[in-house]
Amino acid sequence: MNKIYSVVIKGKTLESRNLRELLARAVCTKRDLDRKLSLQNQSGSRDAFDRAADEIVAAASSMRI
């Protein structure tokens, strides 16, 4: 009977009887999760930038020159 290897990455469990295959999947999964997190952080900072730009435009439009 072959041993079943398992890896948990951010709450997601990967299992395989082939250690090399498991490690390859684990690396791909970790990269995908990191990429998704990075994209979420970038979009969040972009939203903050857009809000700040809107506030600047609103403040500038209320100023008298």
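So the sequence shown is residues 946 to 1010, counted in the working numbering. Beta carbons: idealized from backbone N, C-alpha and C, even for Gly.
Buried versus exposed, by CB contacts within 10 Å (16 or more), residue i
| i | result |
| --- | --- |
| Ala998 | exposed |
Option in the options with minimal Cα separation from residue i
| i | options | result |
| --- | --- | --- |
| Leu964 | Ser951, Leu984 and Ser988 | Ser951 |
| Arg962 | Asn947, Gly956 and Gln985 | Asn947 |
Supposed close pair residue i, residue j - CB separation, criterion 8 angstroms
| i | j | result |
| --- | --- | --- |
| Ile954 | Ala969 | Wrong, their Cβ atoms sit about 13 angstroms apart, outside the cutoff. |
Residue i, DSSP secondary structure in three states
| i | result |
| --- | --- |
| Lys981 | helix |
| Lys948 | coil |
| Lys975 | helix |
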